[in-house]
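Scroll down for the structure; my scribbles are underneath it.
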Amino acid sequence: MKKFDVVALGELLIDFTENGISEQGNPMLEANPGGAPCNVLSMLQELNRSTAFIGKVGNDNFGRMLMEVVSGQGIDVSGLAFDNEVHTTLAFVHTAPDGDRSFSFYRDPGADVMLTENDVPEEIIAGSKLFHFGTLSMTHEASGNATKKALRIAHENGLMVSFDPNLRPPLWKNLDDARKAMAYGFEHCDILKISDDEILFFTGEEDIAAGVEKIKKEYDIKLILATMGKDGSMAFYKDMRIAEQSFISDKTIETTGAGDTFMGIALHNVLEKGLEAMKEDDLRELLKMANAGASIITERRGALKVMPKRQEVMERMLSR
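Be aware that the sequence shown starts at 1251, since it is given in my numbering, and climbs by one per residue.
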């Protein structure tokens, strides 16, 4: 019996998000717990999945706050390490009028990239059904080697592997290295979630289907999920190509965490249905549910602490 449904490895940080203007006319920033892997796990916890996180934070106030928040969500943090010399990574989220965002990072280095191979707990990975990761743990050598070790353990123990590139160009010294990290993820995953921007970056194709077909031709990925923001999402599985509309909300504040919410719900559906024999109805349900959850999180600041409840997602799905 496996102890955890999903274990994720990667960055855990503070997202400083805009939250109004002070009496002095200065922008006010809210310290939101963030980091894509834990956002995904938090959504899975809302769906009653058991999860664990592997990563590193600074032994500082922010790092201790993050541990408390993550464990408070029900995520196992026995794989969370502390660095006594390097501070917790900080990200400043700049929100555009349409809710889209850009990032400024204080991470050269940050504690998350100080994760080493010795910090990777084999028993946690071996005791899980699915391993999830992204590229941000591969921007630096030490954490990149830790990621590769975790993947080896996952494959040796027969875990499904999911990958979200979560491309953040400012964090890469060389974008060729980012492409190589994406290719490495493609080579080692069973489930890929990739955005329209990432498809364009990796394949040069603006057409989603054409870009995904390029990836499918080169890499043996069982399920590819393409997210397109307001244009919805698509699933590519065996010879099937399924598309579902997004749930547009006039209450959108920002899009932070939308992709992670989508991913968490998608992984829940894969765990429920199995990856080997999904039907068209299964894929449509996955996309519709994931789109609904992603819509809800855009109405909230932050992500990790405010993931939608199952009932909220079901109600959003029935709204059209």
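Think of the CB as a built atom: it goes at the ideal place given N, C-alpha and C, for glycine as much as any other residue.
Original post:
In this structure, what does DSSP give as the bridge partners for His1344?
Top reply: Ser1352
**OP:** Can you tell me which of the three DSSP states Glu1261 falls into?
**Re:** coil
Subject >> Met1557 (DSSP reduced to helix, strand or coil) >> reply: coil
**OP:** Sort out for me which residues DSSP pairs Ile1492 with in a bridge.
**Re:** Answer by DSSP bridge pairing, in chain order: Ala1485.
Original post:
Alpha carbon to alpha carbon, what distance is there between Gly1543 and Phe1512?
Top reply: Answer to the nearest angstrom: the Cα atoms are 6 Å apart.
Original post:
Nearest to Arg1560 by alpha carbon, out of Ser1292, Met1251, Phe1266, Lys1252?
Top reply: Nearest C-alpha to Arg1560: Ser1292.
**OP:** Mark Ile1515 as exposed unless 16 or more other C-beta atoms lie within 10 angstroms of its C-beta, in which case mark it buried.
**Re:** That one is buried.
Original post:
For the alpha helix (DSSP H) that Leu1316 lies in, which residues bound it at each end?
Top reply: 1311-1322
Original post:
Where does Ser1328 sit, in a helix, a strand or coil, going by DSSP?
Top reply: strand
Original post:
With respect to the alpha helix (DSSP H) encompassing Leu1525, which residues constitute its N-terminal and C-terminal limits?
Top reply: Per DSSP, Leu1525 lies in no alpha helix (DSSP H) and is assigned neither H nor E.
Subject >> CA nearest to the CA of Leu1554, picked from Ser1300, Thr1397, Ala1508 >> reply: Nearest neighbour of Leu1554 by Cα position, chosen from Ser1300, Thr1397, Ala1508, turns out to be Ala1508.
Subject >> Close-in-space but distant-in-sequence residues of the same chain around Gly1270 (CB under 6 Å, 5 per side omitted) >> reply: Met1278.
**OP:** With hydrogens ignored, establish whether the beta-carbon of Ala1459 is closer than 8 Å to any heavy atom of the ligand NAD.
**Re:** Among the ligands in the structure shown, none appear at all, so the ligand NAD cannot be discussed.
Original post:
What's the call for His1518, buried or exposed, on a 16-neighbour Cβ count within 10 Å?
Top reply: buried
Original post:
What are the boundary residues of the alpha helix (DSSP H) that includes Gly1435?
Top reply: It spans 1425-1438 - the alpha helix (DSSP H) in which Gly1435 sits, taken as one unbroken run.
Original post:
What residues match up with Val1256 in a beta bridge as DSSP calls it?
Top reply: Answer is Thr1301, Leu1380, bridged to Val1256.
Subject >> Proximity to Tyr1487 [Cα-Cα], best of Gly1435, Gly1324, Asp1447, Asp1531 >> reply: For Tyr1487, the nearest C-alpha among the options comes from Asp1531.
Original post:
Under the rule that 16 or more other beta-carbon atoms within 10 Å means buried, what is Thr1438, buried or exposed?
Top reply: It should be noted that the sequence gives His, not Thr, for residue 1438. Flag for His1438 reads buried.
Original post:
Taking all protein chains shown into account, do 16 or more other C-beta atoms lie within 10 angstroms of the C-beta of Leu1425, making it buried, or fewer, making it exposed?
Top reply: exposed
**OP:** Kindly indicate which residue of Glu1522, Glu1504, Ala1431, Asn1416 has the alpha-carbon position closest to the one of Ala1476.
**Re:** Asn1416
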